[in-house]
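Okay, so here's the structure we're looking at.
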Amino acid sequence: MCGIVGFVGHHQAAPILLDGLSKLEYRGYDSAGLAVRDGQEMAEVVKSKGRLKALSEMTDGGNAVKGTCGIGHTR
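Its first residue numbered 595, the sequence shown is counted upward by one per residue in the numbering used here.
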């Protein structure tokens, strides 16, 4: 089953999105992704296969993806 989490605010979105996606971990999934935008550039999209841990490691816990607006997805 898929899960979707979104965030718009004044804090960095990626760590918050990863936290939200971790709450959906019980559903089971085989891939995850984030799309985060800083308001000036196009959204940065990051995808990974496997558990959410792989996406978290790719993005240094979300710190490597800058922006205050984003969406996360598990599948």
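Backbone N, C-alpha and C define an ideal beta-carbon position, used for all residues, glycine too.
Cα-Cα, which of the options is closest to residue i?
{"i": "Gly655", "options": "Lys643, Gly600, Cys596, Leu628", "result": "Leu628"}
{"i": "Gly661", "options": "Met636, Ser642, Arg669", "result": "Met636"}
{"i": "Cys596", "options": "Glu619, Leu612, Ser650", "result": "Glu619"}
{"i": "Asn657", "options": "Lys641, Gln634, Gln606, Phe601", "result": "Gln606"}
{"i": "Ala608", "options": "Lys643, Thr668, Val659", "result": "Val659"}
Three-state secondary structure (DSSP) at residue i?
{"i": "Lys641", "result": "strand"}
{"i": "Ala658", "result": "coil"}
{"i": "Glu635", "result": "coil"}
Using DSSP bridges, identify the partner residues of residue i.
{"i": "Ile598", "result": "His667"}
{"i": "Ser650", "result": "Partner(s): none; Ser650 has no beta bridge."}
Identify the continuous alpha helix (DSSP H) that holds residue i and give its terminal residues.
{"i": "Gly614", "result": "607 to 616"}
Counting along the chain, where does the beta strand (DSSP E) carrying residue i start and finish?
{"i": "Arg631", "result": "625 to 631"}
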